[in-house]
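Here the sequence shown is numbered in UniProt numbering, starting from 1 and rising by one per residue. For glycine and all other residues, C-beta sits at the position ideal for the given N, C-alpha and C. Okay, structure first, notes after.
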Amino acid sequence: MSADYTPPDTPLEILHQDHEILLVNKPAGLLSVPGKGDHLADCLLARVQAAFPEALLVHRLDRDTSGVMVFAMTPHAQRALGLQFEKRQVKKTYVARVWGHVAEKIGRIDLPLIVDWPNRPLQHVDFERGKPAVTDWRVQRHEDGTTRVRLYPQTGRSHQLRVHMKEIGHPILGDPFYADGPARDFPRLMLHAENLRLRHPDGGKGMSFSAKCPF
1 MSADYTPPDT PLEILHQDHE ILLVNKPAGL LSVPGKGDHL ADCLLARVQA
51 AFPEALLVHR LDRDTSGVMV FAMTPHAQRA LGLQFEKRQV KKTYVARVWG
101 HVAEKIGRID LPLIVDWPNR PLQHVDFERG KPAVTDWRVQ RHEDGTTRVR
151 LYPQTGRSHQ LRVHMKEIGH PILGDPFYAD GPARDFPRLM LHAENLRLRH
201 PDGGKGMSFS AKCPF
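In structure tokens:
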């Protein structure tokens, strides 16, 4: 990541807080965790821990993706939530705007992914060595040569949604890694983690948290 990292100067947006979990809305352009070097120290984890020193990391979103992230407020909650993510029990819904007119209403992308080592952090499809990656999608509406879709990842591979949409010919708008030409020429990556459903670490009650899509 280049030295021109300029994270947004926006206040922490808390969606929910209790004795075990903290849900926040991550802005686009902000790292989830610190990168290597002092210039990459500003991140959502650091901002959360400045306000809640006991908060613990559970998962991440890409720097350019906005939306719902959950933090644990106790080690017990961190273990419980980590297990839910590992077992794919956490349900995630994303909103994206993609290039082109997606003709079908719904679909599933099942393409295994692996890191593209010479070009990391990029990922690519590899049927021999890739890890299973599955994304379900549903069209919301068409807008001026683009399509708004909801994405439902069934696995949690790095850059999964971005690579999968590119592979079916509809890259996510504003993607600096996987879009090119006019599809790339947008002020931000048009990908937002809209909803997160999980079981509360204290008692197991199912809960759902949402952050309104900003684009």
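Sorted by chain position, which residues of the same chain lie with C-beta nearer than 7 Å to residue i's C-beta, five sequence neighbours on each side aside?
{"i": "Q84", "result": "V90, L198 and R199"}
{"i": "G107", "result": "W137"}
{"i": "K131", "result": "P112, L113, I114 and R157"}
{"i": "L57", "result": "V33, L45 and F71"}
How about residue i and residue j: are their beta carbons less than 9 Å apart?
{"i": "L111", "j": "H164", "result": "yes"}
{"i": "residue 216", "j": "R129", "result": "A question about residue 216 goes unanswered here, because the residues of the chain that appear run from 1 up to 215."}
{"i": "T147", "j": "V102", "result": "yes"}
{"i": "W99", "j": "P214", "result": "no"}
{"i": "R60", "j": "M73", "result": "no"}
{"i": "A179", "j": "K92", "result": "no"}
{"i": "V48", "j": "L12", "result": "yes"}
{"i": "L44", "j": "L23", "result": "no"}
{"i": "H19", "j": "D202", "result": "yes"}
Which residues does DSSP pair with residue i in a beta bridge?
{"i": "P153", "result": "T135"}
{"i": "E128", "result": "The partner list for E128 (beta bridge, DSSP) is empty, contrary to what the question assumes."}
{"i": "N25", "result": "V68"}
{"i": "G204", "result": "DSSP output for G204 lists no bridge partner at all."}
{"i": "E143", "result": "T146"}
{"i": "F209", "result": "L196"}
{"i": "H16", "result": "L23"}
{"i": "D110", "result": "V134"}
{"i": "L191", "result": "A96"}
{"i": "Q123", "result": "V115"}
What is the rounded straight-line gap between the Cα of residue i and the Cα of residue j?
{"i": "Q140", "j": "G204", "result": "32 Å"}
{"i": "I14", "j": "K26", "result": "9 Å"}
{"i": "I21", "j": "A77", "result": "7 Å"}
{"i": "A55", "j": "T155", "result": "25 Å"}
{"i": "A46", "j": "N119", "result": "28 Å"}
{"i": "G37", "j": "H159", "result": "23 Å"}
{"i": "A133", "j": "H170", "result": "17 Å"}
{"i": "R157", "j": "D144", "result": "30 Å"}
{"i": "K212", "j": "D64", "result": "16 Å"}
{"i": "H142", "j": "I168", "result": "17 Å"}
{"i": "G67", "j": "F52", "result": "19 Å"}
{"i": "D62", "j": "F127", "result": "24 Å"}
{"i": "D116", "j": "H124", "result": "6 Å"}
{"i": "S210", "j": "A50", "result": "23 Å"}
{"i": "P187", "j": "F177", "result": "14 Å"}
{"i": "K87", "j": "P8", "result": "33 Å"}
{"i": "T10", "j": "P75", "result": "28 Å"}
{"i": "N195", "j": "R79", "result": "21 Å"}
Can you give me the Cβ contacts of residue i inside the same chain, cut-off strictly under 8 Å, excluding the 5 residues immediately before and after it?
{"i": "L161", "result": "Y94, A96, T135, L151, P153, I172 and L191"}
{"i": "T6", "result": "G29"}
{"i": "E104", "result": "V139"}
Looking at chain C, is there any beta carbon in it that lies within less than 9 Å of the beta carbon of residue i?
{"i": "M207", "result": "No chain C is part of this structure, which consists of one protein chain only."}
Just to confirm my understanding: we take residue i, look at its own chain, exclude 5 residues before and 5 after, and list those with CB closer than 6 Å. What are they?
{"i": "S208", "result": "R197"}
{"i": "D175", "result": "R162 and L189"}
{"i": "M1", "result": "Low per-residue confidence applies at M1: pLDDT is 48, beneath 50, and the placement is therefore not dependable, though the value from the model is reported in the following sentence. Result list for M1: G35, in chain order."}
{"i": "A41", "result": "P34"}
At 3 residues or longer, what runs of the beta strand (DSSP E) sit wholly inside the segment 29-99?
66-72 and 91-99
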